[in-house]
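Listed in order, the protein sequences are those of chains A and B.
So the first sequence is numbered by this note's numbering: it starts at 813 and just counts up by one.
So the second sequence is numbered by this note's numbering: it starts at 72 and just counts up by one.
All C-beta atoms in this analysis are idealised placements derived from N, C-alpha and C, irrespective of residue type, glycine included.
Only one structure is covered here, and it is reproduced in the block below.
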Amino acid sequence: MTKEKCFILGIETSCDETSAAVVQDGRKILSNVISSQVELHKRYGGVVPEIASRKHIEMIDIVINDALEQAGMTLEEVDAIGVTYGPGLVGALLVGVSTAKAMAFALDKPLIGVHHIEGHIAANYLEHSDLMPPYMCLVASGGHSHIVWVKDYKQFEIMGQTRDDAAGEAFDKVARILGLGYPGGPLIDKLAKQGNKDAVHFPRARFEDGSLDFSFSGVKTAVLNYIHRLEQIGESYDRADIAASFQHAVVEVLVDKTIAAAKKAGVNAIALAGGVAANSALRELMVKKASEEHMKVYYPSPLLCTDNAAMIACAAYYGLQEGMEAGLDLNAVPNLPLLSSNLPNWK
Amino acid sequence: MDKNKIRLVSKSPEDTIKIAYTIGKYLRPGDVICLGGDLGAGKTAFTQGLAKGLGIKEHVTSPTFTIVNEYYGMMPMYHFDVYRINDPDEMMEIGFDEYVDGDGISVIEWAEKIQDILPPYYLNININKKLEEGDNYREIVLEAVGDKYRPVIDQLLSLFNIIH
Chain A
813 MTKEKCFILG IETSCDETSA AVVQDGRKIL SNVISSQVEL HKRYGGVVPE IASRKHIEMI
873 DIVINDALEQ AGMTLEEVDA IGVTYGPGLV GALLVGVSTA KAMAFALDKP LIGVHHIEGH
933 IAANYLEHSD LMPPYMCLVA SGGHSHIVWV KDYKQFEIMG QTRDDAAGEA FDKVARILGL
993 GYPGGPLIDK LAKQGNKDAV HFPRARFEDG SLDFSFSGVK TAVLNYIHRL EQIGESYDRA
1053 DIAASFQHAV VEVLVDKTIA AAKKAGVNAI ALAGGVAANS ALRELMVKKA SEEHMKVYYP
1113 SPLLCTDNAA MIACAAYYGL QEGMEAGLDL NAVPNLPLLS SNLPNWK
Chain B
72 MDKNKIRLVS KSPEDTIKIA YTIGKYLRPG DVICLGGDLG AGKTAFTQGL AKGLGIKEHV
132 TSPTFTIVNE YYGMMPMYHF DVYRINDPDE MMEIGFDEYV DGDGISVIEW AEKIQDILPP
192 YYLNININKK LEEGDNYREI VLEAVGDKYR PVIDQLLSLF NIIH
C-alpha cells in the first residue's frame, strides 16, 4: 500500500458474537464493538443456531454503525472490508459475509475473506507490537484446538489438532457434568482456584506415534466415571478438586505439545489465542514451562481472546498487503480448513 | 426375539470402534443412522469406527459447533450433532434434506430433537452404559426402523453370531 494510513472495517459473525471493528494499519484498534449474545445462549446451555442467525441480522447494522462512529469515520473512509467466511455456523456466517459483500460492492472497496482461526492468531498483533512471525500459536476455543506454526503473516502449517472434541468443548461438557452452567471455561477456571489440581489424576491422551494431536473426549468420560464411582459407593466429592484436576489435565497437554511443536520448528516465541487462551492456569503454566526453554509467550487480553472483529480486521490487513482480495462470489464455508494455499480466494 | 433388533456388548472404547467398523462395512449409500447415548457413552468412538469402516482417513471431530461435518471415503459420511437445534426448520436451513437424500451415510446424534423430519426408514443405534457391569461396559442396541434396514440387521446378526 502506498497510502499512509490504511483503515480496515472488520466483521465477525461466525458464532455467538456480532462484532464490527475499525483497525488502522493492522495493529491499532480504533473501535471494536461486540454485541455479546452469551446472555441469550445461557438459557439453552449452548449455541442455538437459529437464534444466532436471527440475532446477527438484528444486530449487524447497529454494530457496524457503532464501530464507525467510535472510530470517528465514515464508511467511505474505510480502505477495505474484512469478514470471517468460515469455519462456523453457516446461517450465522452468511449474515456477515452477505453484509460485507454488499458494502464492498456498493462502495467499490476491496473485500478480504478471513479464516476465523487466522483471526484469533492475529489478535496477538493488536497488543504486542514486537510480535512478528515466525512463532508457534496455540489456538484453543469451544470449536477449535490447533497448534499452528505461523511462518509468515499469511503462511501457516498445522502441527497438531484435536482428533475429537475441542478443548473448550471439554470445558463446557465438564461444567455441565459439575452443574456449573455455560460457558464452562471461565466457571471452571474460577472454581479450580479453590481446588487441588493434584487431587485426581485424569488421563492425558498421548498417541503412540508421538503426534502433536490432541484428544479431549476421553478426559470428559474419565471425569464422569470418577463421579459415578463415588456416587455409587455413596461418597461425596469436592467439585473444586475435580475442576482443578480436570483443568490441569487439559492445560498440561496443551502446554507440553505446543512447546514440543515450537522446539520441532525451531522457533522461540509462542502465542496463545482463542477463548481458552483466557484461562489463567493455561497462561501460568505456559509462561513457566516456556521460560525454562527460553521462549517468550504472548497472549491477548481476555476481551481479544473471545470472538471479535478487530482480530478479523487485523488479519484482513495482512491479506490486503498480499493482494489476497476476494471476489463477490465469496461464500460462507462452515468447515473451512486452515491452509495457506486457500486463504482466502484469489480474485 | 425381536427380528428388527440386535444387542451387542462392548467392554472398551476399542471394542466400540471395532463393532462400528464392522457395521460401516455393511452400509449402503443413502443410509441414515440415528445414534443415541448419554454423555461419555462412546458416540464419538462409535462414529470414528464407522468412518474407518467407510474408508475415511480423516479424524472425526465433534460437530457440536458446526452442526454437521462432512467426510469423504469410499462414500461420503455426514456427521450431525443436533443437540442445539430447537426447531426442525433450522435443519432445513443447513440443507438437511439434501444430506439425507444424498448418496452418503448420515449419522445423526440427538436425533430425537428432529423426530418430525427424520426419514421413514433408519437404523437406530443406542449405546447404553451399564455402570453396574463396569465403567467401560456398554450395550449397543441396533434397531431397524422400517423394513429397509431389515437385511442389514440380518447380515449383522449372522456375522456377530459367528464372532461371538
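- Secondary structure note for Thr896(A): its beta strand (DSSP E) is the uninterrupted segment 892 to 898.
- In this structure, Val909(A) lies away from Ile869(A), with their beta-carbon atoms at least 8 angstroms apart.
- Only residues of its own chain outside the window of five on either side were considered, and among them Gly996, Gly997, Ile1000 have a CB closer than 6 angstroms to the CB of Phe983(A), listed in chain order.
- Under the Cβ distance rule, Val834(A) does not count among the residues neighbouring chain B, no pair being separated by less than 8 angstroms.
- In summary, Asn877(A) is exposed, with fewer than 16 beta-carbon neighbours lying within 10 Å of its beta-carbon over all protein chains present.
- Under the DSSP assignment, Asp168(B) falls in the alpha helix (DSSP H) whose first and last residues are 167 to 171.
- Relative to the Cα of Glu930(A), the nearest Cα in the group Ala1138(A), Cys1126(A), Glu1137(A) belongs to Cys1126(A).
- Residue pairing by DSSP puts Leu923(A) in a beta bridge opposite Ile893(A), Ala1138(A).
- Nearest CB-CB separation between Ser133(B) and chain A: below the 8 angstroms threshold.
- Pairing Leu230(B) with Asn75(B), the inter-Cα distance amounts to about 15 angstroms.
- Scanning the segment 954 to 1005 of chain A from its first residue to its last, the whole alpha helix (DSSP H) runs of 4-plus residues come out as 979 to 989, 996 to 1004.
- His940(A) has a beta carbon lying at 8 angstroms or more from every beta carbon in chain B.
- When secondary structure is reduced to three states using DSSP, Asp187(B) falls in the helix class.
- Contacts with chain B (Cβ-Cβ distance below 9 angstroms) from the segment 896 to 910 of chain A involve Pro899, Gly900, Leu901, Val902, Gly903, listed in chain order.
- Lys913(A) has its alpha-carbon roughly 39 angstroms from the corresponding atom of Lys1108(A).
- Per the coordinates, the alpha-carbon of Ala112(B) lies some 22 angstroms from the alpha-carbon of Arg1051(A).
- Residues Ala116, Phe117, Gln119, Gly120, Lys123 of the same chain have their beta carbon placed closer than 8 angstroms to that of Ile88(B), with the five preceding and five following residues left out of the count.
- In this structure Lys200(B) is buried. Its beta-carbon is surrounded by 16 or more other beta-carbon atoms within 10 angstroms.
- For Gly111(B), the chain A residues whose Cβ falls inside 8 angstroms of its Cβ are Lys1032, Thr1033, Leu1036, Asn1037, in order along the chain.
- Annotation: Cβ neighbours of Asp206(B) in chain A (cutoff 8 angstroms, chain order): Asn1037, His1040, Arg1041.
- For a cut-off of 8 angstroms, the C-beta gap from Leu990(A) to Ile1054(A) is around 7 angstroms, short enough to register as a contact.
- Three or more pairs of CB atoms, one per stretch, sit closer than 8 angstroms, so the segment 814 to 823 of chain A contacts the segment 880 to 890 of chain A.
- The beta-carbon of Gln1044(A) is placed less than 8 angstroms from the nearest beta-carbon of chain B.
- In the displayed model, Thr830(A) falls within a strand according to three-state DSSP.
- Neighbourhood of Arg975(A) in chain B, by CB distance below 9 angstroms: Gln119, His130, Val131, Thr132, in chain order.
- Tyr143(B) sits exposed, since fewer than 16 C-beta atoms from the chains shown fall within 10 Å of its C-beta.
- By the Cβ rule, the segment 1110 to 1130 of chain A counts as touching the segment 822 to 839 of chain A, because three or more pairs are nearer than 8 angstroms.
- Note on Met145(B): under 16 other CB atoms within 10 angstroms of its CB, so exposed under the neighbour-count rule.
- Proximity of chain A to Glu180(B) at the Cβ level (cut-off 7 angstroms) is not reached, the minimal Cβ distance being about 13 angstroms.
- Residue Gly894(A) holds the alpha-carbon nearest to the alpha-carbon of Lys921(A) among Ser941(A), Gly894(A), Met944(A), Asp942(A).
- For a Cβ distance threshold of 9 angstroms, residue set Pro1146, Asn1147 of chain A lies close to Asn140(B), ordered along the chain.
- Comparing C-alpha distances from Ile94(B) to each of Ile138(B), Ile77(B), Ile165(B) shows the shortest one belongs to Ile77(B).
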